[in-house]
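K.L.:
Next up is a structure, given as structure tokens.
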DNA sequence: TAGATTGTTAATCGATTAACAATC
DNA sequence: TAGATTGTTAATCGATTAACAATC
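Chains as they are written, first to last, in our numbering: chain A, 544 to 757; chain B, 544 to 757.
The following block contains the structure:
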């Protein structure tokens, strides 16, 4: 049903398109959108929009465009956003707890995405047993079995750089398929486990390059 | 002095190399590194490492490799990390204040990068006048003049999506050259202003795509 | 029907990799 | 000198754009 060779460059743009459609869907007056308009709002060329979507099916009508609600539901389906995803967050420090607080709100608002944060983990015995936004902190030693038993497929890493690879290994051994990593290290992951890097300092350092330009 | 056509694909890898070198520099025993080894640790092919670096000069010695300390200082210079960058953060909500707390610590630790957060901004009169980690919250109406007067070149946006474009415009008008945007919108920026997007939901939605794979 | 816009193929562009002479 | 590794050019690969027939 899914044909295993769609490039990540394509996949990265799908959530972007979906974001535009979600926004448009709020206004009942919008029914149709052209690849031209969708591209403009997503910052992508119209031909590329059509090509990206065509990898997954024929969602538009010639001479007409794409029906917003339909394309939206198709994208949600393609991105696996129509089922709830269980997530664990490892590292209940300042970033981890802030993210817990923030994401709990943000995700609750986002009608096109359901993430369920079911556990926090930390190696610090003082933190184990605490609760943040109603979610318990478990000892890191239980991470792998917890992930396996609850069939968690997504993990968020907010531990210090020196612990990140170890945490990643435990997550992967437990069966996690995708990791969002905030720690400033290059993680070594087995083929097939997807990684998103959220190292903000890396981004800021890149931006610094462009600052002293003419 | 800088030749204006180095691709962003290249620039994005420089902070990655620097991160590896920073790590290696901690151990006094490491003096030299080959493109092979640097590439491995950064997750990049050795030929690409050499090609990337060659855009900026000849930093290595044939048959020997790259001197870690030297390459490190050159990369810091290329990335403009040897001077301090003043930054403002707009949106003193839960994410903004968490980031303030977190980044203040994180950046203080990072010897190869000096960011100075000199002001927080918010449109909520109740928040104006508050302090977070010793940094004052100013009214958003003062953003543009503040940025101009203090010659701030970098801004971080943590306001709701509906306000982000307006904030970006004010930053740009004040003279900001680079923006780190957490709001879930595609910002429209003039040529030459650099953007880093930190929309975590976008990343998580992308990861969701890969979860139900065979 | 006439006008518009898709889906798709061919052309272009850019980025990565392979290969190797130069040289430490 | 022999071995290793750079800097760089040429070859390959992949992604984006242009163009257009199909068709709503």
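Every residue, glycine too, gets a C-beta built ideally from N, C-alpha and C.
#1: For residue 737 of chain A, name the three-state secondary structure that DSSP assigns.
#2: Is residue 665 of chain B helix, strand or coil when you go by DSSP?
#3: Alpha carbon to alpha carbon, how far is residue 556 of chain B from residue 715 of chain A? Give it in angstroms, no decimals.
#4: Kindly give me the distance between the Cβ atoms of residue 602 of chain B and residue 609 of chain B, rounded to whole angstroms, as I take these residues to be in contact under 8 Å.
#5: Using a Cβ cut-off of 9 Å, pull out every chain B residue sitting near residue 554 of chain A, in sequence order please.
#6: Note down, in chain order, all residues in the segment 621-651 of chain A with a beta-carbon under 9 Å from any beta-carbon belonging to chain B.
#7: Measure the alpha-carbon distance for residue 704 of chain A versus residue 726 of chain A and round it to whole angstroms.
#8: If the criterion is Cβ atoms closer than 7 Å, does the pair residue 597 of chain A and residue 622 of chain B meet it?
#9: At a Cβ threshold of 7 Å, is residue 746 of chain A touching chain B?
#10: With C-beta atoms as the reference, is residue 707 of chain B less than 7 Å away from residue 728 of chain B?
#11: In whole angstroms, give me the CA-to-CA distance for residue 545 of chain B and residue 747 of chain B.
#12: Under 8 Å between beta-carbons, which chain A residues line up against residue 653 of chain B? List them in chain order, please.
#13: Please report the residue range of the beta strand (DSSP E) in which residue 698 of chain A lies.
#14: Compute the Euclidean distance between the alpha carbons of residue 709 of chain A and residue 616 of chain A, then round it to the nearest angstrom.
#15: Helix, strand or coil: which one does DSSP assign to residue 552 of chain A?
#16: Kindly say whether residue 544 of chain A, judged by its beta-carbon, lies nearer than 7 Å to any beta-carbon of chain B.
#17: DSSP has residue 721 of chain B in a bridge; who is on the other side?
#18: Could you name the residues of chain B that residue 558 of chain A contacts, counting a contact when the two beta carbons are closer than 7 Å?
#19: Is the beta carbon of residue 699 of chain B closer than 7 Å to that of residue 632 of chain B?
#20: Taking 7 Å as the CB-CB cut-off, is residue 737 of chain A touching chain B?
#21: Determine the chain B residues that contact residue 656 of chain A at a beta-carbon separation under 9 Å, and present them in chain order.
#22: Which residue wins for smallest C-alpha separation from residue 501 of chain B, given the options B/561, B/574, B/573, B/572?
#23: Nearest by alpha-carbon distance to residue 718 of chain A: which of A/569, A/737, A/743, A/554 is it?
#24: Would you call residue 688 of chain B buried or exposed, if buried means 16 or more other Cβ atoms sit within 10 Å of its Cβ?
#25: Quick one: Cα of residue 741 of chain B to Cα of residue 724 of chain B, how far?
#26: Below 7 Å between beta carbons is the criterion; list the residues of the segment 702-731 of chain B that meet it against any residue of chain A, in chain order.
#27: Mind checking the segment 578-590 of chain A against chain B and listing, in chain order, the residues whose C-beta falls within less than 7 Å of any C-beta there?
#28: In chain A, which residues lie with their C-beta within 7 Å of the C-beta of residue 548 of chain B?
#29: Check whether the Cβ of residue 569 of chain B lies closer than 7 Å to any Cβ atom in chain A.
#30: What residue does the alpha helix (DSSP H) around residue 754 of chain A start on, and which one ends it?
#31: Assuming residue 606 of chain A is part of the beta strand (DSSP E), what are its boundary residues?
#32: Looking at chain B, is there any beta carbon in it that lies within less than 7 Å of the beta carbon of residue 696 of chain A?
#33: Given a threshold of 16 other Cβ atoms within 10 Å of its Cβ, counted over all protein chains shown, does residue 551 of chain A qualify as buried or as exposed?
#34: Using a Cβ cut-off of 8 Å, pull out every chain B residue sitting near residue 561 of chain A, in sequence order please.
#35: Compile a chain-ordered list of the residues in the segment 588-615 of chain A whose CB is closer than 9 Å to at least one CB of chain B.
#36: Between the alpha carbons of residue 590 of chain A and residue 682 of chain B, how many angstroms are there, rounded?
P.N.:
If we stick to the structure as given:
#1: Correct three-state label for residue 737 of chain A: strand.
#2: Looking at residue 665 of chain B - three-state DSSP - the assignment turns out to be strand.
#3: One alpha carbon belongs to residue 715 of chain A, the other to residue 556 of chain B, and they sit about 26 Å apart.
#4: 6 Å between Cβ atoms; contact.
#5: Simply 749, 752, 753.
#6: Result list: 621, 622, 623, 624, 626, 628, 630, 636, 637, 638, 640, 641, 642, 644, 645, 646, 648, 649, 650.
#7: It is roughly 5 Å from the alpha-carbon of residue 704 of chain A to the alpha-carbon of residue 726 of chain A.
#8: Contact flag unset, no.
#9: Taking CB atoms only, residue 746 of chain A has a neighbour in chain B less than 7 Å away.
#10: Cβ distance < 7 Å, so residue 707 of chain B and residue 728 of chain B count as in contact.
#11: Because residue 545 of chain B sits at a pLDDT of 46, beneath the cut-off of 50, its placement in the model cannot be relied upon, and the following sentence gives the value as read from the coordinates. Using only the alpha carbons, I get a separation of about 36 Å.
#12: Within 8 Å of the CB of residue 653 of chain B, the CB atoms of chain A belong to 744, in sequence order along the chain.
#13: Where residue 698 of chain A is concerned, the enclosing beta strand (DSSP E) stretches over 697-700.
#14: For residue 709 of chain A and residue 616 of chain A, the distance between alpha carbons rounds to 38 Å.
#15: In the structure shown, residue 552 of chain A sits in a helix (DSSP, three-state: H, G or I).
#16: Low local confidence applies: a pLDDT of 39 at residue 544 of chain A is under 50, so the model's placement there is unreliable, and no value is given.
#17: Under DSSP, residue 721 of chain B takes part in a beta bridge, and its partners are B/697, B/737.
#18: The answer, in chain order, is 745, 748, 749.
#19: Yes, the Cβ-Cβ distance between residue 632 of chain B and residue 699 of chain B is below 7 Å.
#20: Using beta-carbon distances, residue 737 of chain A counts as an interface residue toward chain B, with a partner under 7 Å.
#21: Correct list: 744, 747, 748, 751.
#22: Look at the range of chain B in this structure, 544 to 757, and you will see that residue 501 of chain B is not part of it.
#23: The residue among A/569, A/737, A/743, A/554 with its C-alpha nearest the C-alpha of residue 718 of chain A is A/737.
#24: So residue 688 of chain B ends up on the exposed side.
#25: Each residue's alpha carbon lies about 6 Å from the other.
#26: So the list reads 720, 721, 723, 727, 729, given in the order they occur along the chain.
#27: Residues of the segment 578-590 of chain A with a Cβ closer than 7 Å to any Cβ of chain B, in chain order: 584, 585, 586.
#28: The contact set of residue 548 of chain B on chain A, defined by CB atoms closer than 7 Å, is empty, because the minimum CB distance reaches about 12 Å.
#29: At least 7 Å separates the CB of residue 569 of chain B from every CB of chain A.
#30: For residue 754 of chain A, the enclosing alpha helix (DSSP H) starts and ends at 743-754.
#31: That residue, residue 606 of chain A, is in no beta strand (DSSP E); it is neither H nor E in DSSP.
#32: For residue 696 of chain A, the closest Cβ of chain B is nearer than 7 Å.
#33: Exposed, since its Cβ has fewer than 16 Cβ neighbours within 10 Å.
#34: Those within 8 Å of residue 561 of chain A in chain B are 748.
#35: Going along the segment 588-615 of chain A in chain order, one finds no residue with a Cβ nearer than 9 Å to chain B.
#36: For residue 590 of chain A and residue 682 of chain B, the gap between their C-alpha atoms comes out near 43 Å.
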